[in-house]
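A quick write-up on the structure given underneath.
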Amino acid sequence: MLFGYVDFSVVGDSYNRLYKKIFEDKLPCRNIKENNGALSFRTSIEYVKDIKELCEILNLEYEINNKKGLFTLFYNFKKHIGIIVGAFLMIVICFVLSNVLLRVRILSDDSVVKKDIIGVLKENNAYTGSYIPNLNATQLERELKQKVDGISWAGISISGSTLTIDVVENINSPESNKKRLPSNLVAKRDAVVDKIEVLDGQLMTSVGSGVTKGATLVSGVITTEKTRYKDGKEVTDTYTRYVRSIGKIYGTFEETVNVFQPFDDKEKIISDKTKTKRYLKVFDAELPLFLTFPKGNYKCRATEKHFLLFGFELPVSIKKVKLNEISSENVKLSQKEAKSKAYSTVAKYEKNFYKDYKIKDKSIDEKIENDGVRLTVKYKLYGEICEENEFFIQK
Amino acid sequence: MSKTAPKLKFTGKVKELMCLDSHITILDNKVALIENCKQIIECNDVLARVNTSDFTVEIWGNNLFLNSFSNNNVEVRGVIDTISLTSRSKKERN
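Those protein sequences? They're chains D and W, same order as listed.
So for the first sequence, my numbering puts the first residue at 1; every next one is plus one.
So for the second sequence, my numbering puts the first residue at 1; every next one is plus one.
Set out below in structure tokens:
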């Protein structure tokens, strides 16, 4: 009587045949009692059909007095479709919240490590929306430890619908030079030496002298000679020591850069027409509220609006993504515009390549050609002019 | 004068061995459980009558009612006054 029961009241002349049939068909009945000429009993909801058939076969009149239990309750709810839908949704939500991954928390401040971890998790099908019973935390931990640089330990725990990854980042060992090969310091460009700072090695140049590209400025081969007298004769002993040359040589040098800006140029145009796409965000899981996403290059701006309940922010939000198409268009630049663009290119070049040097002098030669503007920039720079060059000792 | 248990016939012994005898369990004056029951004859407030293979069991009392389970067991509940067993004749049994 788990799903419910029904109280029957049967009226007839004799109940012997009914008793017999109930017994023969093994129909479980309770509270069987004859009272005022009627037989009343209670039976489980699943046997109601059998009892009714039995009464009809035996020509007995029956009446159902009471219906109770789970089945009856559900039957009564048939009229209230809202309650059924609500209960069904509740079951679905409970299932989703307990079996689907909705949030990934990475306990690290390093954005590179975070990005790498997310990449490894994606490779192993662990992302928002994954089925939690399919996740193997031990295997994920091993993968993270093996594949993510910059972490020495990873621990994974799954609580509810949240995957928490705790990592211990590598503690970088202090920088030390482990190179043991002897080396020279050679000039990396033609320059005039201005300043010398040598810690080890044999200096081969002097302040004020000019050097050519590839010339040895500091040698790693140190040769010393000692003179002694043996049997009244002068004997010279030569000792050679190989070292790693350490030092910095600063100098002044010149460099020329050519920049050409054509009048026919391509320009990036951002469209004013905005396409808006919405996502329903539950924790970290994003459910698209659209059918197709446009293809192409777009400028993207995302805003998020959380639902509030009594002033409290819920983990459910609507994410709005605004897209503006980016297209390139051929444009004809004026002389002034082309010049300005060429100068900005020069500025960018200086920022990128001469940030370690001091610009002592700069002269720009402007030339307007038929198809564009050409700038020839001559720099007089001051900075480090040497680089290390290892060599092998022949035995 | 010494009393001895009645001698069982072969069929009686087989019945006993195969647990085909009717078992009647009485709990105070509230419940009487009759196992290996054959048929319910009647049940009203004061009298419940059921047939077992060899006997008709009459239970007298107040507020009596029956619970019938699917495995040939019948439970009589209420305030039980008397329980009497009447042997059924072979003809009646058939």
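By construction, the Cβ of each residue, glycine as well, lies at the ideal position given by its N, Cα and C atoms.
Please read these numbers as outputs of a predicted model, since none were measured by experiment.
* To do: Taking only the alpha-carbon atoms, compute the straight-line gap between Leu121(D) and Tyr279(D) and give it to the nearest angstrom.
  => Counting from 1 along the first sequence, the entry for residue 121(D) is found at position 121. Counting from 1 along the first sequence, the entry for residue 279(D) is found at position 279. One alpha carbon belongs to Leu121(D), the other to Tyr279(D), and they sit about 22 Å apart.
* **Cβ separation of Ile396(D) and Ser340(D), assumed to be a contact under 8 Å, to the nearest whole Å** => Look at the range of chain D in this structure, 1 to 395, and you will see that residue 396(D) is not part of it.
* Helix, strand or coil: how does DSSP classify Thr205(D) here? -> Position 205 of the first sequence, counted from the start, is the residue given in the question as residue 205(D). Thr205(D) falls in the coil class under three-state DSSP.
* To do: Just the C-alpha distance for Asp284(D) and Thr128(D), rounded to the nearest angstrom, thanks.
  => Here residue 284(D) corresponds to residue number 284 of the first sequence, with the count starting at 1. Here residue 128(D) corresponds to residue number 128 of the first sequence, with the count starting at 1. Asp284(D) and Thr128(D): Cα-Cα distance of roughly 6 Å.
* Asked: Taking 8 Å as the CB-CB cut-off, is Asp45(W) touching chain D?
  -> Residue numbering aside, residue 45(W) sits at position 45 when the second sequence is read from its first letter. By this cut-off, Asp45(W) is an interface position.
* **Contacting positions in the region 56 to 82 of chain W - beta carbon closer than 8 Å to chain D** => Those residues of the region 56 to 82 of chain W that come within reach of chain D (Cβ to Cβ, closer than 8 Å) are Leu64, Phe65, Leu66, Asn67, Ser68, Phe69, Ser70, Asn71 and Asn72.
* Asked: Per DSSP, what kind of secondary structure is Val96(D) in: helix, strand or coil?
  -> As a first step, residue 96(D) must be located in the first sequence, where it is residue number 96. For Val96(D), the secondary structure class from DSSP, reduced to helix, strand or coil, is helix.
* Below 8 Å between beta carbons is the criterion; list the residues of the region 6 to 21 of chain D that meet it against any residue of chain W, in chain order. => Listed in chain order, the positions of the region 6 to 21 of chain D with a beta carbon within less than 8 Å of a beta carbon of chain W are Tyr15, Asn16, Tyr19 and Lys20.
* Asked: What residues are listed by DSSP as bridge partners for Cys37(W)?
  -> Position 37 of the second sequence, counting from 1, holds the residue named residue 37(W). Residue pairing by DSSP places Cys37(W) opposite Thr52(W) in a beta bridge.
* To do: For Gly220(D), count neighbouring Cβ atoms within 10 angstroms of its own Cβ and tell me buried if that reaches 16, exposed if not.
  => Here the question's residue 220(D) lines up with position 220 in the first sequence. With 16 or more Cβ atoms within 10 Å of its Cβ, Gly220(D) is classed as buried.
* In whole angstroms, what separates the C-alpha of Thr212(D) from that of Phe253(D)? -> The residue given as residue 212(D) occupies position 212 in the first sequence. The residue given as residue 253(D) occupies position 253 in the first sequence. Looking at the two C-alpha atoms, the distance is approximately 10 Å.
* **Terminal residues of the alpha helix (DSSP H) in which Ser111(D) lies** => Working through the first sequence from its first residue, we reach residue 111(D) at position 111. From DSSP, the alpha helix (DSSP H) with Ser111(D) extends over Ser111 to Glu123.
* Asked: Does the distance from the CB of Val243(D) to the CB of Val167(D) come in under 8 Å?
  -> Within the first sequence, residue 243(D) is the residue found at index 243, counting from 1. Within the first sequence, residue 167(D) is the residue found at index 167, counting from 1. The Cβ-Cβ distance between Val243(D) and Val167(D) does not fall below 8 Å.
* To do: Along the alpha helix (DSSP H) that carries Phe77(D), what are the first and last residues, could you check?
  => Taking the first sequence and counting its residues from 1, one reaches residue 77(D) at position 77. It spans Leu70 to Phe77 - the alpha helix (DSSP H) in which Phe77(D) sits, taken as one unbroken run.
* Which one of Val331(D), Val148(D), Ile156(D) and Asp25(D) has the shortest CA to CA distance from Gly119(D)? -> The residue labelled residue 119(D) in the question sits at position 119 within the first sequence. Looking from the CA of Gly119(D), the closest CA among Val331(D), Val148(D), Ile156(D) and Asp25(D) belongs to Val148(D).
* Is Arg17(D) closer than 8 Å to Leu70(D) when the C-beta atoms are compared? -> Stepping through the first sequence from its first residue, residue 70(D) is reached at position 70. Stepping through the first sequence from its first residue, residue 17(D) is reached at position 17. With contacts defined as CB atoms closer than 8 Å, Leu70(D) and Arg17(D) fail to qualify as a contacting pair.
* With a 10 Å radius around its C-beta and 16 neighbouring C-beta atoms as the bar for buried, classify Glu197(D) as buried or exposed. => Along the first sequence, read from residue 1 onward, the residue named residue 197(D) stands at position 197. Here Glu197(D) is exposed: its Cβ has fewer than 16 other Cβ atoms, across all protein chains shown, within 10 Å.
* Asked: Do you know offhand how far Lys322(D)'s Cα is from Glu286(D)'s?
  -> As a first step, residue 322(D) must be located in the first sequence, where it is residue number 322. As a first step, residue 286(D) must be located in the first sequence, where it is residue number 286. Distance between the alpha carbons of Lys322(D) and Glu286(D): 16 Å.
* Asked: Is the Cβ of Pro315(D) closer than 8 Å to any Cβ of chain W?
  -> Along the first sequence, read from residue 1 onward, the residue named residue 315(D) stands at position 315. Using a Cβ-Cβ cut-off of 8 Å, Pro315(D) does not count as an interface residue toward chain W, since no Cβ of chain W sits closer than that to its own.
* Asked: Quick one: what's Asn67(W) bridged to in DSSP?
  -> The residue labelled residue 67(W) in the question sits at position 67 within the second sequence. The partner list for Asn67(W) (beta bridge, DSSP) reads Glu75(W).
* Asked: Mapping DSSP to helix, strand and coil, what is Lys248(D)?
  -> In the first sequence, residue 248(D) corresponds to position 248, counting from 1. Reduced to three states, the DSSP call for Lys248(D) is strand.
* Spatial neighbours of Arg301(D) within its chain, please: CB distance less than 6 Å, with the 5 preceding and 5 following residues excluded, ordered by chain position. => Position 301 of the first sequence, counted from the start, is the residue given in the question as residue 301(D). Closer than 6 Å at Cβ, skipping near neighbours: Lys322.
* To do: Say whether the region 31 to 49 of chain D touches the region 43 to 50 of chain W, bearing in mind that this needs 3 or more beta-carbon pairs closer than 8 Å, one atom from each stretch.
  => Yes: the two stretches touch, three or more of their Cβ pairs being nearer than 8 Å.
* Asked: Residues in its own chain within less than 6 Å of Glu329(D) by CB, not counting five upstream and five downstream?
  -> The count along the first sequence starts at 1 and reaches residue 329(D) at position 329. Cβ neighbours of Glu329(D) beyond the five flanking positions: Glu267 and Ile269.
* Asked: What's the gap between the Cα of Glu384(D) and the Cα of Arg241(D)?
  -> Position 384 of the first sequence, counted from the first residue, corresponds to residue 384(D). Position 241 of the first sequence, counted from the first residue, corresponds to residue 241(D). Glu384(D) and Arg241(D): Cα-Cα distance of roughly 26 Å.
* Asked: Can you find a C-beta in chain W that's less than 8 Å from the C-beta of Glu34(D)?
  -> Along the first sequence, one-based indexing puts residue 34(D) at 34. Closer than 8 Å to some Cβ of chain W, the Cβ of Glu34(D) qualifies, so yes.
* **Cross-chain neighbours of Ile41(W) in chain D, by beta carbon under 8 Å** => Here residue 41(W) is taken as the residue at index 41 of the second sequence, counted from 1. Going along chain D in sequence order, the residues near Ile41(W) (Cβ under 8 Å) are Asn16 and Tyr19.
* Hey, Pro182(D) and Phe353(D): beta-carbon distance below 8 Å or not? -> Within the first sequence, residue 182(D) is the residue found at index 182, counting from 1. Within the first sequence, residue 353(D) is the residue found at index 353, counting from 1. The answer is no: Cβ separation not under 8 Å.
* Asked: Secondary structure at Gly372(D), three-state DSSP: helix, strand or coil?
  -> What you label residue 372(D) is simply residue 372 of the first sequence in a count that begins at 1. DSSP places Gly372(D) within a strand segment (E or B) once states are collapsed to three.
* Asked: In terms of alpha-carbon separation, which member of Lys348(D), Thr345(D) and Val282(D) lies closest to Ile93(D)?
  -> Taking the first sequence and counting its residues from 1, the one referred to as residue 93(D) is at position 93. Comparing Cα-Cα distances from Ile93(D) to each of Lys348(D), Thr345(D) and Val282(D), the minimum goes to Val282(D).
* Would you list the residues sitting across from Gln350(D) in a DSSP beta bridge? => Numbered from 1 along the first sequence, position 350 holds the residue referred to as residue 350(D). Looking at the sequence provided, one finds Glu at residue 350(D) rather than Gln. Within the DSSP bridge table, the entry for Glu350(D) names no partner.
* To do: Determine the DSSP secondary structure at Asn324(D), reduced to helix, strand or coil.
  => Reading the first sequence from its first residue, position 324 is the one you call residue 324(D). Judged by DSSP in its simplified three-state form, Asn324(D) adopts strand.
* Name the chain W residues that come within less than 7 Å of Pro28(D), Cβ to Cβ? -> In the first sequence, residue 28(D) corresponds to position 28, counting from 1. Chain-ordered, the chain W residues with CB closer than 7 Å to the CB of Pro28(D) read Ser68, Phe69 and Ser70.
* **Integer-rounded CB distance, given that Ala338(D) should sit under 8 Å from Leu375(D)** => Position 375 of the first sequence, counted from the first residue, corresponds to residue 375(D). Position 338 of the first sequence, counted from the first residue, corresponds to residue 338(D). Taking C-beta atoms under 8 Å as the contact rule, Leu375(D) and Ala338(D) fail to qualify, at a distance of about 10 Å.
* **Paired residues, beta bridge with Leu20(W) - DSSP** => Position 20 of the second sequence, counting from 1, holds the residue named residue 20(W). In the DSSP assignment, no residue is bridged to Leu20(W).
* Minimum C-alpha distance to Lys15(W) - residue among Thr25(W), Val57(W) and Thr52(W) -> Position 15 of the second sequence, counted from the start, is the residue given in the question as residue 15(W). Of the candidates Thr25(W), Val57(W) and Thr52(W), the one whose C-alpha sits nearest the C-alpha of Lys15(W) is Thr52(W).
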